[in-house]
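**Student:**
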Amino acid sequence: VVSCGAMIAGYAQFGQGHLALELFKQMQLDDLKPNKVVHLCILKACGSIGAIDEGMLIHGQIVDNGFDMDVVVGSSLIDMYAKCGVYEEARKVLDDLPGRDVISWGAIISGFAQDNQGLPALEVFDKMQQEGVKPDKVSILCALKACGALGGIDQARLIHKEVIRSDLANDLAIGNTLVDMYAKCGSLEDSQKVLETLQNQDIVSWNAMIAGYAQHGLYGLAQQCLENIQEQGFKPD
RNA sequence: CCGAGGGUUUCAGGGA
946 VVSCGAMIAG YAQFGQGHLA LELFKQMQLD DLKPNKVVHL CILKACGSIG
996 AIDEGMLIHG QIVDNGFDMD VVVGSSLIDM YAKCGVYEEA RKVLDDLPGR
1046 DVISWGAIIS GFAQDNQGLP ALEVFDKMQQ EGVKPDKVSI LCALKACGAL
1096 GGIDQARLIH KEVIRSDLAN DLAIGNTLVD MYAKCGSLED SQKVLETLQN
1146 QDIVSWNAMI AGYAQHGLYG LAQQCLENIQ EQGFKPD
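If you want it as structure tokens, here you go:
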């Protein structure tokens, strides 16, 4: 079971969801009883390929095994349902999950944000805080992405302010997401400002800025930005 | 006793 589990984990992590599912089915044909970790990996696989039918089947097995009250398993279920776009079910699992934490909430927020559903993402983000759960880096990343999807510049500035006062003020992933978010909100000046104040920049920072200019038809500025980074010795990808 | 386990930022191309 453990060696199969390790294989399934590998497949799931490398985006080979179908192979993971195949191996999982083979396991069951061989009468090997999946443990908790195998369930977690297979849920990830289901989410990544949108295999909702398989996912619901696994959910049933998890309930039968009494694993469904485990916060890690519960969060994986939420993630699976959210990635499959079945938000009502994701929400139901979240509401019934004892000890739900910032990751459980983050799974739904991420699902909405990834799906360009900015408004519901931010609603859940607020609800989480109303319940006294403090946002962490990942949930903030997702909330910022949601602002970008929504074009909600006011919400964006609000969250940005909070970020500045937090220990994430100099975080590169957060900074990159801010650059992208402001660009998607149509405020390229803000993007540029954030980019310039980053302590370090990487390829993602530049790409976000260039894409922002390009998507607003500012081809000259996009070009200029590209030349800038090359002058600084960075290689575009 | 050991190993495997949860939400994570940017960008391109063809067809229906």
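Going left to right, the first sequence walks through residues 946 to 1182 as this note's numbering numbers them. Ideal Cβ positions, reconstructed from N, Cα and C, are used throughout, including at glycine. The model shown is predicted, which means the values in this text are computed figures rather than measured ones.
#1: Could you check the C-alpha separation between Tyr1158 and Ala1094 for me, to the nearest Å?
#2: Can you give me the C-alpha to C-alpha distance between Ile1174 and Gln1137, rounded to a whole angstrom?
#3: With DSSP as the reference, label Asp1081 as helix, strand or coil.
#4: Which residues in the same chain as Gln1144 place their Cβ atom closer than 6 Å to its Cβ, once the five residues preceding and following it in sequence are excluded?
#5: By how many angstroms is the C-alpha of Ala957 removed from the C-alpha of Leu968?
#6: Report the option in Asp1147, Ile1053 and Cys986 whose CA atom is closest to the CA atom of Val947.
#7: For Thr1122 and Leu974, I'd like the C-alpha separation in whole angstroms.
#8: Does the distance from the C-beta atom of Ile1109 to that of Cys1087 stay below 7 Å?
#9: Using a threshold of 7 Å, state whether the C-beta atoms of Met1025 and Gly995 are closer than that.
#10: Kindly indicate which three-state DSSP category Leu1113 falls into: helix, strand or coil?
#11: Should Gln1169 go down as buried or exposed, given a rule of 16 or more other Cβ atoms within 10 Å for buried?
#12: My guess is that Gly1096 and Cys1130 are in contact by the Cβ rule of under 8 Å, so how many angstroms apart are they, rounded?
#13: With burial defined as no fewer than 16 other Cβ atoms inside 10 Å of the residue's Cβ, what is the status of Val1008: buried or exposed?
#14: In the DSSP assignment, the alpha helix (DSSP H) including Pro1065 goes from what residue to what residue?
#15: Tell me whether Asn921 sits in a helix, a strand or coil according to DSSP, three-state version.
#16: In whole angstroms, give me the CA-to-CA distance for Ala1153 and Gly1011.
#17: Span of the alpha helix (DSSP H) holding Val1017?
#18: Quick one: Cα of Ile1148 to Cα of Met1014, how far?
#19: Going by CA-CA distance only, name the one from Ile1085, Trp1151 and Asp1071 that's closest to Asp1182.
#20: What did DSSP end up calling Asn1145 once you bin it into helix, strand or coil?
#21: Alpha carbon to alpha carbon, what distance is there between Ile1085 and Leu1117?
#22: Using the three-state DSSP reduction, which class does Lys1138 fall into: helix, strand or coil?
#23: Pick helix, strand or coil for Asn980, following the three-state DSSP scheme.
#24: Going by the CB atoms, is the gap between Gly1019 and Val1038 shorter than 7 Å?
#25: How should Asp1135 be labelled, buried or exposed, when 16 other C-beta atoms within 10 angstroms of its C-beta is the threshold for buried?
**Tutor:** Reading it off the structure:
#1: The residue labelled residue 1158 in the question sits at position 213 within the first sequence. The residue labelled residue 1094 in the question sits at position 149 within the first sequence. Using only the alpha carbons, I get a separation of about 16 Å.
#2: To locate residue 1174, count along the first sequence from 1; it is residue 229. To locate residue 1137, count along the first sequence from 1; it is residue 192. Ile1174 and Gln1137: Cα-Cα distance of roughly 13 Å.
#3: Residue mapping note: residue 1081 aligns to position 136 of the first sequence, counting from 1. In the structure shown, Asp1081 sits in coil (DSSP, three-state: anything other than H, G, I, E or B).
#4: Walking along the first sequence from the start, residue 1144 turns up at place 199. Excluding five sequence positions before and after Gln1144, the CB atoms of its chain that fall closer than 6 Å to its own CB belong to Asn1115, given in chain order.
#5: Sequence index remark: in the first sequence, residue 968 carries index 23 (1-based). Sequence index remark: in the first sequence, residue 957 carries index 12 (1-based). Each residue's alpha carbon lies about 11 Å from the other.
#6: Within the first sequence, residue 947 is the residue found at index 2, counting from 1. Answer by Cα proximity: Cys986.
#7: Taking the first sequence and counting its residues from 1, one reaches residue 1122 at position 177. Taking the first sequence and counting its residues from 1, one reaches residue 974 at position 29. The straight-line gap from Cα to Cα measures roughly 45 Å.
#8: As a first step, residue 1109 is located in the first sequence; it is residue number 164 there, counting from the start. As a first step, residue 1087 is located in the first sequence; it is residue number 142 there, counting from the start. Contact flag unset, no.
#9: Mapped onto the first sequence, residue 1025 falls at position 80. Mapped onto the first sequence, residue 995 falls at position 50. Against a cut-off of 7 Å, the Cβ pair of Gly995 and Met1025 comes out as no contact.
#10: In the first sequence, residue 1113 corresponds to position 168, counting from 1. Residue state, collapsed to three classes: coil.
#11: Reading the first sequence from its first residue, position 224 is the one you call residue 1169. So Gln1169 ends up on the exposed side.
#12: Locating residue 1096 in the first sequence gives position 151, where the first residue counts as 1. Locating residue 1130 in the first sequence gives position 185, where the first residue counts as 1. Contact holds; Cβ gap of about 5 Å.
#13: Against the first sequence, residue 1008 aligns to sequence position 63. Looking at its Cβ environment, which holds fewer than 16 other Cβ atoms inside 10 Å, Val1008 is exposed.
#14: Along the first sequence, one-based indexing puts residue 1065 at 120. It spans Gly1063 to Gln1075 - the alpha helix (DSSP H) in which Pro1065 sits, taken as one unbroken run.
#15: Summary: the structure shown does not reach residue 921, with the chain confined to residues 946 through 1182, and so no result is reported for it.
#16: For this step, residue 1153 is matched to residue 208 along the first sequence. For this step, residue 1011 is matched to residue 66 along the first sequence. Roughly 44 Å separates the two Cα atoms.
#17: Working through the first sequence from its first residue, we reach residue 1017 at position 72. For Val1017, the enclosing alpha helix (DSSP H) covers residues Val1016 to Lys1028.
#18: Position 203 of the first sequence, counted from the first residue, corresponds to residue 1148. Position 69 of the first sequence, counted from the first residue, corresponds to residue 1014. The alpha-carbon atoms of Ile1148 and Met1014 are separated by roughly 41 Å.
#19: Position 237 of the first sequence, counting from 1, holds the residue named residue 1182. It is Trp1151.
#20: Taking the first sequence and counting its residues from 1, one reaches residue 1145 at position 200. Residue state, collapsed to three classes: coil.
#21: By one-based count along the first sequence, residue 1117 stands at place 172. By one-based count along the first sequence, residue 1085 stands at place 140. So the alpha carbons of these two residues sit roughly 13 Å apart.
#22: In the first sequence, counting from the first residue as 1, residue 1138 sits at position 193. DSSP places Lys1138 in helix when its eight states are reduced to three.
#23: Position 35 of the first sequence, counted from the first residue, corresponds to residue 980. Looking at Asn980 - three-state DSSP - the assignment turns out to be coil, as it is neither helix nor strand.
#24: In the first sequence, counting from the first residue as 1, residue 1038 sits at position 93. In the first sequence, counting from the first residue as 1, residue 1019 sits at position 74. At the C-beta level, Val1038 and Gly1019 come within 7 Å of one another.
#25: Numbered from 1 along the first sequence, position 190 holds the residue referred to as residue 1135. Label assigned to Asp1135: buried.
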